[in-house]
Amino acid sequence: MLAKYWKKICILILIIACIFNIMLKLIKKVSLNTELIDSARYTYEKSKQN
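First residue of the sequence shown: 300, per the numbering used here; consecutive thereafter.
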């Protein structure tokens, strides 16, 4: 039975993995504004130390 349906099973697993990956990226997405502010703070702190 598995030999007959292996392609469909593999495609289904691949689709589920892709959806899971996309959902994780959407959930953990950091906004561009937050990223720019954090980068500016880091740069400011480094220049302040030197």
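Cβ coordinates follow ideal geometry from the N, Cα and C atoms, glycine included.
{"query": "Considering only residues of the same chain and omitting the five flanking positions on each side of S338, which have a CB-CB separation below 7 Å?", "result": "none"}
{"query": "Could you please give the first and the last residue of the uninterrupted alpha helix (DSSP H) stretch that includes K306?", "result": "L301 to I326"}
{"query": "Please report whether the beta-carbon of L301 lies at a distance below 7 Å from any beta-carbon of chain C.", "result": "Reference to chain C is not applicable here, since this structure consists of a single protein chain."}
{"query": "Go to N332, then tell me how far its alpha helix (DSSP H) extends in each direction, as first and last residue.", "result": "L331 to Q348"}
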